[in-house]
Amino acid sequence: MLLIGLFAASLPTGLLSPKIASAQDAKKTHQADDQAAPQENPFPGRFPAPSLDGGTEWINTSGPIDLRELRGKIVLLDFWTYCCINCMHVLPDLKYLEQKYGRQLVVIGVHSAKFDNEKQTENIRDAILRYEIEHPVVNDSEMLIWRKFGTRAWPTLALVDPEGRYIGSQSGEGNRELFDQVIGKLVEYHRWKGTLDENPILFSQESEKTTATPLRYPGKVLADAESGRVFIADTSHNRIVVCDMNGQLLDLVGCGNIGTQDGAFEQAEFDHPQGMALVGDLLYVADTENHLLRVVDLPARRVRTLAGTGRQGRTGRDTGGPLLTTSLNSPWSLAHSNGTLFIAMAGPHQIWSHHIGDDHIAVFAGSGREDVINGALTEAAFAQPSELTIDDSGKFLYVADSEGSAVRRLNTSPNGTVTTVAGTSELPAGQSLFAFGDVDGTAQAARFQHPLGVVFAAGRLYVADSYNHKIKVIDEETGLTTTWLGDGVAGTELQPARFSEPGGLAVAAGKL
Numbered sequence: 002m003l004l005i006g007l008f009a010a011s012l013p014t015g016l017l018s019p020k021i022a023s024a025q026d027a028k029k030t031h032q033a034d035d036q037a038a039p040q041e042n043p044f045p046g047r048f049p050a051p052s053l054d055g056g057t058e059w060i061n062t063s064g065p066i067d068l069r070e071l072r073g074k075i076v077l078l079d080f081w082t083y084c085c086i087n088c089m090h091v092l093p094d095l096k097y098l099e100q101k102y103g104r105q106l107v108v109i110g111v112h113s114a115k116f117d118n119e120k121q122t123e124n125i126r127d128a129i130l131r132y133e134i135e136h137p138v139v140n141d142s143e144m145l146i147w148r149k150f151g152t153r154a155w156p157t158l159a160l161v162d163p164e165g166r167y168i169g170s171q172s173g174e175g176n177r178e179l180f181d182q183v184i185g186k187l188v189e190y191h192r193w194k195g196t197l198d199e200n201p202i203l204f205s206q207e208s209e210k211t212t213a214t215p216l217r218y219p220g221k222v223l224a225d226a227e228s229g230r231v232f233i234a235d236t237s238h239n240r241i242v243v244c245d246m247n248g249q250l251l252d253l254v255g256c257g258n259i260g261t262q263d264g265a266f267e268q269a270e271f272d273h274p275q276g277m278a279l280v281g282d283l284l285y286v287a288d289t290e291n292h293l294l295r296v297v298d299l300p301a302r303r304v305r306t307l308a309g310t311g312r313q314g315r316t317g318r319d320t321g322g323p324l325l326t327t328s329l330n331s332p333w334s335l336a337h338s339n340g341t342l343f344i345a346m347a348g349p350h351q352i353w354s355h356h357i358g359d360d361h362i363a364v365f366a367g368s369g370r371e372d373v374i375n376g377a378l379t380e381a382a383f384a385q386p387s388e389l390t391i392d393d394s395g396k397f398l399y400v401a402d403s404e405g406s407a408v409r410r411l412n413t414s415p416n417g418t419v420t421t422v423a424g425t426s427e428l429p430a431g432q433s434l435f436a437f438g439d440v441d442g443t444a445q446a447a448r449f450q451h452p453l454g455v456v457f458a459a460g461r462l463y464v465a466d467s468y469n470h471k472i473k474v475i476d477e478e479t480g481l482t483t484t485w486l487g488d489g490v491a492g493t494e495l496q497p498a499r500f501s502e503p504g505g506l507a508v509a510a511g512k513l
């Protein structure tokens, strides 16, 4: 969860309280319709909700939405920003609630951007398609709606009842049960009162305007010079594409369906896979939204699950254990060195490790706090680590620390330390999370904007400065960061070279 220093006066009602919706109350929520509902308002004394005026553009709907037009509906507002891993974790909860209360509930995303790049409606539209969001979303680029609702953190969910009154809000992830209970009580009461509109509303979908493409929002890439193969995480197609160095298709790993099925390439399932590591004939895959690690046996053309339970792990609670009984939390990138697999665990802001052949996986570095703090492995802090790369010696691991807009380095030995190679660190109270920009310079004078990729080659680090649409180079000897490719404008042109939020890098045979 990200906190922001934009403190507006809060509405008269504050956080939703679990005491409002106890387990016993939840049982009442699911009574048959012909049973009498309680006639007492479960949330009395609420004030009218602020309007949604102030947004610049709307997506997944034909036009702006006025809360007054949604009288009779329970409205759930999701304050989010598309870079944020916690915001991504909330999306399955929203989908669950939308399906369960499809006739009574309207979900509206309020995209209040953290990064400058995220303020652009076209980029938000891409994020909506990438995350397969079906509910309406308003671009709150100036954070006007955010302030009116007194929001202070991403993500925050806020509820409005069928009479337009603000019920309360809750920040952070993992609140599905709470909102399920509260919405159930609202349905029960307003159905009894006659103020509930249970006619479904259909909104236009951005996905209806798209056409099929060979790749769909690919994430990470891995190149192997010895075999001449390139492995592409075709993330939104839920598969791995294998091609040669010229882009000629060699094989497909996965049927394209979302799921956890192991087996032959044609039957195997993934859920938005990202990073990969090749060890001999085995391709290790970070199956991000399944919260699993998978192993692809390339000669046998089969996939199996290496680690994870399929349930999202929780920071501080899930810290390691046997491979198939330890829950993982959005594994995003992999790197291999001397028999050890390192995992960028984006969800808890940590680096994990697994010695290949052992039945154990655990935290290697990172306290679990989201920040950019150097020091001993277990005391240092990362901010949504998104790609890993190993230097030629195998002694140092480099991290694209996306939410901290920094590149980090740590020793691969258990007694190592974490330092910041480029970008700001060590600012008080999480301020490093907001120290981003587009500045070439030495060490901590350099600025990035949400870098998602990094790869080591010949004494240099090549960085995918994703939200600046650039590829930058860090000279390890001098510490100087310079722009190498890209002019800061998103695009696909070759002259000048342009990129659109590049997210993964690989080097092989002298080519990036």
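Residue numbering for the sequence shown follows our numbering, beginning at 2 and increasing consecutively. Just so you know, even glycine gets a beta-carbon here, dropped at the ideal spot from N, CA and C.
For the beta strand (DSSP E) that L293 lies in, which residues bound it at each end?
For the purposes of this step, residue 293 is taken as the residue at position 292 of the sequence shown. Residues 293-298.
At the level of alpha carbons, what is the spacing between R318 and I129?
Stepping through the sequence shown from its first residue, residue 318 is reached at position 317. Stepping through the sequence shown from its first residue, residue 129 is reached at position 128. Rounded to the nearest angstrom, the two C-alpha atoms are 31 Å apart.
Report the three-state DSSP secondary structure of D94 (helix, strand or coil).
As a first step, residue 94 is located in the sequence shown; it is residue number 93 there, counting from the start. Correct three-state label for D94: helix.
Option in H112, D359, A363, T326 with minimal Cα separation from I344
Along the sequence shown, one-based indexing puts residue 344 at 343. Nearest C-alpha to I344: A363.
For G504 versus G431, is the C-beta spacing smaller than 7 Å?
For the purposes of this step, residue 504 is identified with residue 503 of the sequence shown, where counting begins at 1. For the purposes of this step, residue 431 is identified with residue 430 of the sequence shown, where counting begins at 1. No, the Cβ-Cβ distance between G504 and G431 is not below 7 Å.
With a 10 Å radius around its C-beta and 16 neighbouring C-beta atoms as the bar for buried, classify P274 as buried or exposed.
Stepping through the sequence shown from its first residue, residue 274 is reached at position 273. Buried is the call here.
L71 (DSSP reduced to helix, strand or coil)
Locating residue 71 in the sequence shown gives position 70, where the first residue counts as 1. The answer is helix: DSSP assigns L71 an H, G or I state.
What are the partner residues of Y285, as DSSP defines its beta bridges?
If you number the sequence shown from 1, residue 285 lands on position 284. Per DSSP, A278, V296.
Would you kindly work out how many angstroms separate the C-alpha atoms of Y399 and I391, rounded to a whole number?
By 1-based counting over the sequence shown, the position of residue 399 is 398. By 1-based counting over the sequence shown, the position of residue 391 is 390. Rounded to the nearest angstrom, the two C-alpha atoms are 6 Å apart.
Please look up how many angstroms separate the CB atoms of E1 and G492, rounded, as I've assumed it's under 8 Å.
Beyond the ends of the chain as shown, which are 2 and 513, falls residue 1; an answer cannot be given.
Quick check on the burial criterion: 16 or more other C-beta atoms within 10 angstroms. Buried or exposed for Q496?
Your numbering for residue 496 matches position 495 in the sequence shown. Label assigned to Q496: exposed.
Taking C-beta to C-beta, are K120 and S142 nearer than 7 Å?
Here residue 120 is taken as the residue at index 119 of the sequence shown, counted from 1. Here residue 142 is taken as the residue at index 141 of the sequence shown, counted from 1. Cβ atoms of K120 and S142: closer than 7 Å.
Could you check where the beta strand (DSSP E) with H350 kicks off and where it finishes?
To locate residue 350, count along the sequence shown from 1; it is residue 349. Here H350 belongs to no beta strand (DSSP E), and DSSP marks it neither H nor E.
Whose CA, out of Q171, F80, G103, E178, lies closest to the CA of L145?
As a first step, residue 145 is located in the sequence shown; it is residue number 144 there, counting from the start. Among Q171, F80, G103, E178, the Cα nearest to that of L145 is on F80.
What residues in its chain sit with their C-beta under 8 Å from that of R104, if we drop five residues either side in the sequence?
In the sequence shown, the residue the question calls residue 104 occupies position 103. Answer for R104: E199, N200, P201, listed in chain order.
Look up Y218 in the DSSP assignment and say whether it is helix, strand or coil.
As a first step, residue 218 must be located in the sequence shown, where it is residue number 217. Coil, per DSSP.
Using DSSP's beta-bridge definition, name the partner residues of L342.
Translated into positions along the sequence shown, residue 342 becomes position 341. Bridge partners of L342: H337, H355.
Any idea if E270 is buried or exposed, counting beta-carbon neighbours within 10 angstroms, 16 or more meaning buried?
As a first step, residue 270 is located in the sequence shown; it is residue number 269 there, counting from the start. So E270 ends up on the buried side.
Using the Cα positions of G257 and R240, report the straight-line distance between them to the nearest angstrom.
What you label residue 257 is simply residue 256 of the sequence shown in a count that begins at 1. What you label residue 240 is simply residue 239 of the sequence shown in a count that begins at 1. Distance between the alpha carbons of G257 and R240 is about 6 Å.
Which residue spans inside the stretch 233-265 form an unbroken alpha helix (DSSP H) run of at least 4?
none
Kindly indicate which residue of A366, N469, F457, D488 has the alpha-carbon position closest to the one of L513.
For this step, residue 513 is matched to residue 512 along the sequence shown. The option with the nearest alpha carbon to L513 is F457.
Where does the unbroken alpha helix (DSSP H) through K210 begin, and where does it stop?
For the purposes of this step, residue 210 is identified with residue 209 of the sequence shown, where counting begins at 1. Neither: K210 is in no alpha helix (DSSP H) and is coded neither H nor E.
DSSP state of S170, grouped into three classes?
For this step, residue 170 is matched to residue 169 along the sequence shown. Strand at S170.
Counting along the chain, where does the beta strand (DSSP E) carrying E477 start and finish?
Residue 477 sits at position 476 when you count from the first residue of the sequence shown. That residue, E477, is in no beta strand (DSSP E); it is neither H nor E in DSSP.
Hey, G314 and S328 are a contact pair by Cβ (cut 8 Å); roughly how many whole angstroms apart?
Within the sequence shown, the letter at position 313 stands for residue 314. Within the sequence shown, the letter at position 327 stands for residue 328. Their Cβ separation, rounded to whole angstroms, is 4 Å, which keeps G314 and S328 in contact under 8 Å.
In chain order, what residues of the same chain have a beta carbon less than 6 Å from the beta carbon of C244, not counting five sequence neighbours either side?
Numbered from its first residue, the sequence shown carries residue 244 at position 243. Counting only Cβ-Cβ distances below 6 Å, and skipping sequence neighbours, we find V231, L250, L251.
Is the number of C-beta pairs between the stretch 284-297 and the stretch 306-313 that are closer than 8 Å three or more?
yes
Residues near S433 by beta carbon distance below 6 Å, same chain, minus five either side
Numbered from its first residue, the sequence shown carries residue 433 at position 432. These residues qualify, in order along the chain: V373, G405, T425, S426.
Who are the near neighbours of T421 in its chain, counting only those whose CB is closer than 7 Å to its CB and skipping five residues on each side?
Here residue 421 is taken as the residue at index 420 of the sequence shown, counted from 1. Around T421: V373, N375, A407, R409, Q445.
Under three-state DSSP, which class holds L325?
Start at 1 with the first residue of the sequence shown, and residue 325 comes out as number 324. Three-state DSSP puts L325 in a helix.
Element boundaries [beta strand (DSSP E), containing N412]:
As a working mapping, residue 412 is identified with position 411 in the sequence shown. First-last of the beta strand (DSSP E) with N412: 407-412.
List the endpoints of the continuous beta strand (DSSP E) containing F365.
Here residue 365 corresponds to residue number 364 of the sequence shown, with the count starting at 1. Looking at the DSSP string, the run of the beta strand (DSSP E) that includes F365 is 362-366.
Have a look at H337, P45, L223, V111 and flag the residue whose alpha-carbon is nearest the alpha-carbon of D395.
If you number the sequence shown from 1, residue 395 lands on position 394. Looking at the sequence itself, residue 395 is Gly, so the reference to Asp does not match. Ranking H337, P45, L223, V111 by Cα distance to G395 puts H337 first.
If you run the structure through DSSP and keep just helix, strand and coil, what is T57?
Position 56 of the sequence shown, counted from the start, is the residue given in the question as residue 57. Three-state result, T57: coil.
Mapping DSSP to helix, strand and coil, what is R126?
Position 125 of the sequence shown, counted from the start, is the residue given in the question as residue 126. It is helical.
Let me know if R312 comes out buried or exposed under the rule of 16 or more other beta-carbons within 10 Å of its beta-carbon.
In the sequence shown, the residue the question calls residue 312 occupies position 311. With fewer than 16 other Cβ atoms within 10 Å, it is exposed.
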